[in-house]
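Chains as they are written, first to last, in the numbering used here: chain A, 3 to 222; chain B, 308 to 517.
A virtual CB, placed ideally from N, CA and C, is assigned to each residue, including glycine.
From a predicted model like this one, the values you see are computed outputs, not experimental measurements.
Working notes, beginning with the structure itself.
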Amino acid sequence: MPKIKVPKHSPSIDMTPMVDLAFLLVTFFMLAAIPRVDSPVEVTTPASTSEKIIPENNLTVTIDKGGRVFMDISHSDARMELIESIEGEYKLKLTEKQKLEFTKMSSFGCSIAELPKYLDMESTERKKFETKGIPADSATGQLRNWINFGNLAALNTGRTKFEEAVMKGKNPIKSDFEPKYVLRVDGKAVYIHAQNVINTFRDLNLNNLNFITSAEKAPK
Amino acid sequence: MAEIADNGGGGHDKGGKKRPKKGSTRIDMTPMVDLGFLLLTFFVMTTTFSKPKVMSLVYPPKTEEPIENPPKVNNGITFLLTKDKIYYYTGQFYGPGNKEGKPLTQLEETSFGPDGVRKLLAGLNSYVISNKKGLDQKYNAKSIDEKKYKDMLSKLQTDREALKVLIKTDDKATCENFVNLIDELEIAQVGVIAPVDLIVAELDLMKAKK
């Protein structure tokens with residue numbers, strides 16, 4: 003009886019399609035990834051069922067567990083304008099480099115006196131820097147000024163972006179470009195600290211506030 | 308996988324023609340695949356697709372002079388937040404020695420559990436919730452457009468029969484409870500939410516509860 007010949011297959015597999023797929027996915031995830039902003043404070047936000055997504059042009063005030071206040075503005079153009087207004091208001095002498103550093107930072111929190119030193123630091127140093135946050139009391143009025151100038155800067159940036167969009171022949175909705183005021187509060191923070199910041203916003207007649215929350219499933 | 312073509316090359320007879328080594332056209336792709344998948348895993352793990360969610364809350368504008376006679380609120384409820392407890396009372400506040408001679412306001416305690424705030428609010432705001440169902444049906448059946456739906460919804464939420472909520476916090480209340488409460492109010496379709504300051508009589512009642 004003749005032996006049945008099993009055709010010999012090469013043990014190697016053509017991996018090209020697999021590699022193609024793998025790199026396609028890598029590219030996709032790389033482009034889809036939102037770079038995580040390196041924030042100087044850790045904040046655990048409370049959960050809510052809200053499905054509203056954080057607005058594009060925003061002015062965010064962070065309040066951490068201990069009640070320290072930090073601030074952040076989304077657009078770098080607005081940041082430049084803000085630091086220049088603050089420089090003028092408090093008659094600071096900031097170098098171009100410090101101002102440029104300010105536009106690259108994530109949320110910041112320090113008093114005006116600490117500001118030049120704070121801007122000179124590396125971001126790793128800044129994380130370790132023992133700060134009390136932006137003084138939020140109405141006596142110094144520093145937070146009020148930050149918010150006020152930040153709001154004006156964000157309004158201007160929003161307007162330019164809106165005009166750009168109009169020039170491009172799109173049909174933008176104006177309210178999408180206006181700055182929105184966002185509060186990122188730690189769940190364990192005492193409400194009175196948040197209330198202080200909220201009152202500062204309300205003093206400036208900015209009454210529509212948004213709380214950042216982590217998502218939770220809505221009940222049926 | 309990795310095959311090294313070792314045919315030809317060496318081992319020729321001495322007198323034979325020397326041929327250049329024929330390299331295999333196949334490249335070993337294993338390291339590349341390894342790297343590819345390593346990167347893939349890394350990006351899959353670190354990517355956060357969802358942008359943070361926000362919960363909107365509109366505060367009433369600050370007025371210069373305090374309103375002397377606050378308008379009578381129909382179907383109102385006041386929540387009092389403290390460290391880890393929530394108290395509430397319905398209707399107006401009647402302290403000791405009030406002019407109307409009404410019985411004193413008593414605080415009730417509630418929680419964020421399944422039988423707590425959610426049930427309470429669903430009961431009190433049933434007018435809005437049941438009417439909203441009718442609106443939703445109309446909207447889903449496309450008999451009204453989105454703008455009209457939103458208009459009608461906000462009208463419904465500020466209706467006389469709709470529930471109005473006041474939130475008062477003491478100096479120990481946490482933001483978490485505050486946000487959770489606002490969230491519950493949103494689930495219960497409450498349209499009128501006003502965070503206001505505590506009055507002394509209420510603080511005393513809260514202290515007495517503890």
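task: Please report how far the alpha carbon of M308 of chain B lies from the alpha carbon of I15 of chain A, in whole angstroms.
output: Residue mapping note: residue 308 of chain B aligns to position 1 of the second sequence, counting from 1. Residue mapping note: residue 15 of chain A aligns to position 13 of the first sequence, counting from 1. Residue confidence is low: M308 of chain B scores 48 on pLDDT, short of 50, so the model does not pin down where it sits. Its coordinate-derived value is still stated next. Answer to the nearest angstrom: the Cα atoms are 7 Å apart.
- prompt: Is it a yes or a no for the stretch 431 to 444 of chain B touching the stretch 490 to 497 of chain B, going by three-plus beta-carbon pairs under 8 Å?
  reply: Pairwise C-beta distances place the stretch 431 to 444 of chain B in contact with the stretch 490 to 497 of chain B, as three or more of them are shorter than 8 Å.
Beta-carbon spacing of T353 of chain B, A217 of chain A below 8 Å: Position 46 of the second sequence, counted from the first residue, corresponds to residue 353 of chain B. Position 215 of the first sequence, counted from the first residue, corresponds to residue 217 of chain A. It is not a contact, given that the beta carbons lie outside the stated cut-off.
query: What are the boundary residues of the beta strand (DSSP E) that E416 of chain B is part of?
result: Counting from one through the second sequence, the residue named residue 416 of chain B turns up at place 109. Element bounds for E416 of chain B: E415 to T417.
task: Could you list which residues in chain B have their beta carbon closer than 8 Å to that of V28 of chain A, in chain order?
output: In the first sequence, residue 28 of chain A corresponds to position 26, counting from 1. What V28 of chain A touches in chain B: G343, L346, L347 and F350.
message: Give me the residue from B:F344, B:R326, B:K325 and B:P327 with the minimum Cα distance to M20 of chain A.
response: Along the first sequence, read from residue 1 onward, the residue named residue 20 of chain A stands at position 18. Of the listed residues, the one whose Cα sits closest to M20 of chain A is B:F344.
query: Do you know offhand how far G90 of chain A's Cα is from E83 of chain A's?
result: Position 88 of the first sequence holds residue 90 of chain A. Position 81 of the first sequence holds residue 83 of chain A. Distance between the alpha carbons of G90 of chain A and E83 of chain A is about 11 Å.
query: For S109 of chain A, is the classification buried or exposed, using 16 other Cβ atoms within 10 angstroms of its Cβ as the cut-off for buried?
result: Mapped onto the first sequence, residue 109 of chain A falls at position 107. With 16 or more Cβ atoms within 10 Å of its Cβ, S109 of chain A is classed as buried.
- request: State yes or no: is the beta carbon of A480 of chain B nearer than 8 Å to at least one beta carbon in chain A?
  value: Residue mapping note: residue 480 of chain B aligns to position 173 of the second sequence, counting from 1. With 8 Å as the cut-off, A480 of chain B counts as an interface residue toward chain A.
- request: Answer yes or no: do P502 of chain B and Y401 of chain B have a C-beta to C-beta separation smaller than 8 Å?
  value: Within the second sequence, the letter at position 195 stands for residue 502 of chain B. Within the second sequence, the letter at position 94 stands for residue 401 of chain B. Contact flag unset, no.
query: Do L206 of chain A and N153 of chain A have their C-beta atoms closer together than 8 Å?
result: If you number the first sequence from 1, residue 206 of chain A lands on position 204. If you number the first sequence from 1, residue 153 of chain A lands on position 151. Contact flag set, yes.
query: Pairing CB atoms from the stretch 409 to 422 of chain B with CB atoms from the stretch 388 to 401 of chain B, are three or more of them under 8 Å?
result: yes
task: For D391 of chain B, return the contacting residues in chain A, with the cut-off set at a CB-CB distance below 9 Å.
output: By one-based count along the second sequence, residue 391 of chain B stands at place 84. Neighbours of D391 of chain B on chain A: none; closest Cβ ~11 Å, over 9 Å.
- prompt: Are the C-beta of T354 of chain B and some C-beta of chain A separated by less than 8 Å?
  reply: Translated into positions along the second sequence, residue 354 of chain B becomes position 47. Yes - at least one Cβ of chain A is within 8 Å of the one on T354 of chain B.
message: Under 8 Å, with one C-beta from each stretch per pair, do the stretch 68 to 75 of chain A and the stretch 135 to 143 of chain A reach the 3-pair mark?
response: yes
query: Using Cβ-Cβ distances below 7 Å, what residues of the stretch 446 to 460 of chain B are close to chain A?
result: Residues passing the 7 Å Cβ filter: none.
task: Can you tell me which of B:P359, B:L488 and B:T332 puts its alpha carbon nearest to the alpha carbon of V424 of chain B?
output: Here residue 424 of chain B is taken as the residue at index 117 of the second sequence, counted from 1. Comparing Cα-Cα distances from V424 of chain B to each of B:P359, B:L488 and B:T332, the minimum goes to B:L488.
- request: Using a Cβ-Cβ cut-off of 8 Å, state whether A35 of chain A counts as contacting chain B.
  value: Residue numbering aside, residue 35 of chain A sits at position 33 when the first sequence is read from its first letter. Closer than 8 Å: yes.
- prompt: Excluding sequence positions up to five away, which residues of its chain have a Cβ less than 7 Å from the Cβ of G318 of chain B?
  reply: Along the second sequence, read from residue 1 onward, the residue named residue 318 of chain B stands at position 11. Residue confidence for G318 of chain B is low, a pLDDT of 46 falling below 50, so the modelled location carries little weight; the figure read from the coordinates is stated next. Here the set comprises nothing.
- prompt: Would you call the CB atoms of T46 of chain A and D188 of chain A closer than 8 Å?
  reply: Position 44 of the first sequence, counting from 1, holds the residue named residue 46 of chain A. Position 186 of the first sequence, counting from 1, holds the residue named residue 188 of chain A. Their beta carbons are under 8 Å apart, which means T46 of chain A touches D188 of chain A by this criterion.
- request: Measure the alpha-carbon distance for I65 of chain A versus W148 of chain A and round it to whole angstroms.
  value: Start at 1 with the first residue of the first sequence, and residue 65 of chain A comes out as number 63. Start at 1 with the first residue of the first sequence, and residue 148 of chain A comes out as number 146. Computed Cα separation, rounded: 15 Å.
query: Closer than 8 Å, Cβ to any Cβ of chain A: which residues of the stretch 463 to 497 of chain B, in chain order?
result: T476, D478, K479, A480, T481, C482, E483, N484, F485, V486, N487, I489, D490, E493 and I494
task: Using a Cβ-Cβ cut-off of 8 Å, state whether E91 of chain A counts as contacting chain B.
output: Counted from its first residue, the first sequence places residue 91 of chain A at position 89. False, the Cβ-Cβ gap to chain B never drops below 8 Å.
- prompt: For S52 of chain A, which residues in chain B fall below 8 Å Cβ to Cβ?
  reply: Taking the first residue of the first sequence as position 1, residue 52 of chain A is located at position 50. Within 8 Å Cβ-Cβ: K360, V361, M362, S363, D490 and E493.
Same chain, Cβ closer than 7 Å to M164 of chain A, five either side skipped, listed in chain order: As a position in the first sequence, residue 164 of chain A is number 162, starting the count at 1. Residue 164 of chain A is actually Phe in this sequence, not Met. Only P174, K176 and F179 meet the Cβ criterion.
task: Alpha carbon to alpha carbon, how far is N158 of chain A from K170 of chain A? Give it in angstroms, no decimals.
output: As a first step, residue 170 of chain A is located in the first sequence; it is residue number 168 there, counting from the start. As a first step, residue 158 of chain A is located in the first sequence; it is residue number 156 there, counting from the start. When rounded, the distance between both Cα atoms is 18 Å.
- prompt: Assuming P48 of chain A and C482 of chain B make a contact with CB atoms under 8 Å, what is their CB distance in whole Å?
  reply: Counting from 1 along the first sequence, the entry for residue 48 of chain A is found at position 46. Counting from 1 along the second sequence, the entry for residue 482 of chain B is found at position 175. About 7 Å; that satisfies the 8 Å criterion.
- prompt: Would you say N198 of chain A reaches chain B, if we count a Cβ-Cβ gap shorter than 8 Å as a contact?
  reply: Position 196 of the first sequence, counted from the first residue, corresponds to residue 198 of chain A. No, N198 of chain A lies away from the interface with chain B (no Cβ there is under 8 Å from its Cβ).
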